[in-house]
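These notes concern the structure reproduced below.
There are 2 protein chains.
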Amino acid sequence: MKIPIVEDILSANDRLAAENARLLADQGLLAVNVMASPGAGKTSLIVQTIDALRDHTRLGVIEGDIASRLDADTIQALQIPVVQINTGGTCHLDANMVHGALEQLPLDVLDLLFIENVGNLICPTDFALGEALKVMIASVPEGDDKPYKYPGMFAAVDAIVVNKIDLLPYVEFDLAGFRQLVTGLNSGVQVFQVSCTTGEGIAAWADWLLGKTTDRMAANQT
Amino acid sequence: MKIPIVEDILSANDRLAAENARLLADQGLLAVNVMASPGAGKTSLIVQTIDALRDHTRLGVIEGDIASRLDADTIQALQIPVVQINTGGTCHLDANMVHGALEQLPLDVLDLLFIENVGNLICPTDFALGEALKVMIASVPEGDDKPYKYPGMFAAVDAIVVNKIDLLPYVEFDLAGFRQLVTGLNSGVQVFQVSCTTGEGIAAWADWLLGKTTDRMAANQT
């Protein structure tokens, strides 16, 4: 009884996500859906990436949270266009929420758009937003066994950013074993290792993302 | 259109949760719903509490995860009765899943039952399981701003266990500010500070829980 209702919601979402994707493609704009557990460092990674790329490309951000506009304030202080979505209890962003946010952003002057999802390793993967790339952040202090427990998220993403590597000396985390495990679940995935506190590893991640952004802009111009 | 359906599911869940609560009360058994983000230390806290209390009370565990039986294996190695629930993608435990698990446990020889929920700071609060206490774990490396972003969880619980205090020297976390924030959201909440790695603070938490367990047993005998 429940499955058809869920499928209706998801297929309605898919139609809206396809509309968002078309709108973004028309603008040559690369949208990145950033997903992670609460406190893994989504906003910190976006802030570090803005710092690394703002002289090379034009960035915008959609912030998603259950409540508060703390993260949008952080981004606005950097003078980057930002819209905060408060889901009011809903555990993920959906294509309709993102559609409303896109209408409030100056899309024609942006090249790269981060969409920071609600902190949740489960529900966000079920809802396409119209993004070109899905990225997850895995935080070192969460432990190296998370791919066993949340396989859907690890299998769904284009890139995994392992954050808080500055804490590796203080917690148990087998980096080589973790990389082996995630590539077993998702053979094409890119894995980056960063610390948003020290800045280590940010350059490699930002370079990769800039490459994807310029590819998207080039595709739009041909 | 959607709201009535959600309410139907929730009220069906509430009826089953009330049934679980009666079953547990009949046995004088205290059930504790343990909630947290992925990797905050739910299983580690349960393991430390088993170690602290196993000579004083009879413990059992229900482990909830999307996939894998890693956590149940950890508990079984301690020779504690345990049932693993794999939700197969669902982002929370519900009363029906717990009902099935209760049937597989020797309830008549248990006093304290941990129900480890799926790692998620949002959805689990909507689904009563029949528990007597709701406890959440907040992990220091997640940051001290989480109550702003996930107020529903912080407001719903009887106790907050701040875990990984051994990492306080290496991350920014204002413990006094955090305590003030959570008691603002939830004036009656108990706050404990522990490290499941060093064992610091476990005794105070375990003592509080043992008090609740013996109160429940006494209530059953009168």
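Residue numbers (my numbering), protein chains in the order written: chain A, 1 to 222; chain B, 1001 to 1222. For every residue, glycine included, the Cβ atom is placed at its ideal position computed from N, Cα and C.
Which residue wins for smallest C-alpha separation from residue i, given the options the options?
i, options, result
"PHE977 (chain B)", "B:SER1044, B:ALA1219, B:GLY1152", "Lying before the first or after the last residue shown, residue 977 (chain B) is absent from chain B, which here runs from 1001 to 1222."
"GLU1172 (chain B)", "B:GLU1142, B:GLY1184, B:LYS1134, B:ILE1062", "B:GLU1142"
"PRO1081 (chain B)", "B:ARG1054, B:LYS1134, B:THR1183", "B:ARG1054"
"VAL1047 (chain B)", "B:ASP1215, B:ALA1203, B:ALA1218", "B:ALA1203"
"ALA1138 (chain B)", "B:GLY1130, B:ASP1174, B:ALA1132, B:GLN1104", "B:ASP1174"
"ALA219 (chain A)", "A:LEU10, A:ILE9, A:GLN27, A:ARG69", "A:GLN27"
"ASN1186 (chain B)", "B:ALA1159, B:GLY1119, B:ALA1132, B:GLN1084", "B:ALA1159"
"MET1217 (chain B)", "B:MET1035, B:THR1057, B:ALA1040, B:PRO1169", "B:THR1057"
"ASN117 (chain A)", "A:ASN33, A:ILE9, A:ASP8, A:ARG22", "A:ASN33"
"PRO169 (chain A)", "A:ARG69, A:VAL140, A:SER37, A:GLY39", "A:VAL140"
"ALA1156 (chain B)", "B:ALA1036, B:ARG1022, B:ILE1009, B:LEU1029", "B:ALA1036"
"MET1097 (chain B)", "B:LEU1112, B:ASP1071, B:ILE1062, B:ASP1111", "B:ILE1062"
"GLY247 (chain A)", "A:PHE154, A:VAL135, A:ASP71", "For chain A, the structure presents residues 1 to 222; residue 247 (chain A) sits outside this window and is missing."
"LEU10 (chain A)", "A:LEU129, A:MET136, A:LEU29, A:THR197", "A:LEU129"
How would you label residue i, buried or exposed, when you count the other beta carbons within 10 angstroms and need 16 or more for buried?
i, result
"ALA12 (chain A)", "exposed"
"LEU1101 (chain B)", "The amino acid at residue 1101 (chain B) is misidentified as Leu; the sequence shows Ala. Classification of ALA1101 (chain B): buried, given that the 10 Å Cβ count is 16 or more."
"ILE1073 (chain B)", "A quick correction: the sequence has Asp, not Ile, at residue 1073 (chain B). By the neighbour-count rule (16 or more Cβ atoms within 10 Å), ASP1073 (chain B) is not buried but exposed."
"ALA144 (chain A)", "Reading off the sequence shown, one finds Asp at residue 144 (chain A), where the question assumed Ala. Buried, since its Cβ has 16 or more Cβ neighbours within 10 Å."
"MET1 (chain A)", "Since pLDDT at MET1 (chain A) reaches only 39, below the 50 mark, its modelled position is unreliable, and no value is offered."
"PRO124 (chain A)", "buried"
"PRO147 (chain A)", "buried"
"GLN221 (chain A)", "exposed"
"SER1051 (chain B)", "Ser is not the amino acid found at residue 1051 (chain B); the sequence shown has Asp there. Classification of ASP1051 (chain B): exposed, given that the 10 Å Cβ count is below 16."
"GLY1177 (chain B)", "exposed"
"GLU103 (chain A)", "exposed"
"ARG15 (chain A)", "exposed"
"GLY60 (chain A)", "buried"
"PRO1106 (chain B)", "exposed"
"VAL109 (chain A)", "exposed"
"ALA77 (chain A)", "exposed"
"THR49 (chain A)", "buried"
"ASP1008 (chain B)", "exposed"
"GLU1131 (chain B)", "buried"
"ASP1215 (chain B)", "exposed"
"GLY1039 (chain B)", "buried"
My assumption, with CB atoms under 8 Å, is that residue i sits in contact with residue j. Please give the rounded CB distance.
i, j, result
"TYR1150 (chain B)", "LEU1121 (chain B)", "4 Å"
"ILE1066 (chain B)", "GLY1089 (chain B)", "6 Å"
"ASN1020 (chain B)", "HIS1099 (chain B)", "6 Å"
"PHE127 (chain A)", "ASP94 (chain A)", "5 Å"
"ALA18 (chain A)", "LEU24 (chain A)", "In fact, because the Cβ distance is near 11 Å, the residues do not count as touching under 8 Å."
"TRP1205 (chain B)", "VAL1161 (chain B)", "6 Å"
"VAL1194 (chain B)", "ASN1163 (chain B)", "6 Å"
"THR1087 (chain B)", "GLY1119 (chain B)", "No, THR1087 (chain B) and GLY1119 (chain B) are not in contact; Cβ-Cβ is about 11 Å, not under 8 Å."
"LYS42 (chain A)", "LEU133 (chain A)", "That pair is no contact at about 14 Å."
"ARG1069 (chain B)", "GLN1079 (chain B)", "That belief does not hold up - the Cβ atoms of ARG1069 (chain B) and GLN1079 (chain B) are roughly 16 Å apart, past 8 Å."
* Residues in the stretch 93-109 of chain A having any Cβ partner in chain B nearer than 7 Å -> none
* Asked: Going along the stretch 1061-1076 of chain B in order, which residues come within less than 9 Å of chain A, judged by CB to CB distance?
  -> ASP1065, ILE1066, ALA1067, SER1068, LEU1070, ASP1071
* In chain order, which continuous runs of the alpha helix (DSSP H) of length 4 or greater are located wholly inside the stretch 1129-1195 of chain B? -> If we require 4 residues or more, the alpha helix (DSSP H) runs fully inside the stretch 1129-1195 of chain B come out as 1146-1149, 1151-1156, 1175-1185.
* To do: Mind checking the stretch 163-179 of chain A against chain B and listing, in chain order, the residues whose C-beta falls within less than 7 Å of any C-beta there?
  => LYS164, LEU167, TYR170
* **chain B contacts from the stretch 30-63 of chain A (Cβ-Cβ distance under 7 Å)** => Cβ contacts with chain B come from SER37, PRO38, GLY39.
* Residues of the stretch 140-151 of chain A with a CB closer than 9 Å to any CB of chain B: list them in chain order, please. => VAL140, PRO141, GLU142, GLY143, ASP145, LYS146, TYR148, LYS149, TYR150, PRO151
* Asked: Using a Cβ cut-off of 8 Å, which residues of the stretch 112-135 of chain A contact any Cβ in chain B, in chain order?
  -> Here the close residues are VAL118, GLY119, ASN120, LEU121, ILE122, CYS123.
* To do: Determine which residues of the stretch 1177-1211 of chain B have a Cβ less than 7 Å from any Cβ of chain A, and write them out in chain order.
  => none
* Asked: Enumerated in chain order, which unbroken segments of the beta strand (DSSP E) with a length of 3 residues or greater are wholly contained in the stretch 73-119 of chain A?
  -> 82-86, 112-116
* Please list the segments of the alpha helix (DSSP H) lying wholly inside the stretch 10-84 of chain A, counting only runs of 4 or more residues, in order along the chain. => The qualifying runs are 42-53, 70-76.
* **Residues in the stretch 78-90 of chain A having any Cβ partner in chain B nearer than 7 Å** => GLY89
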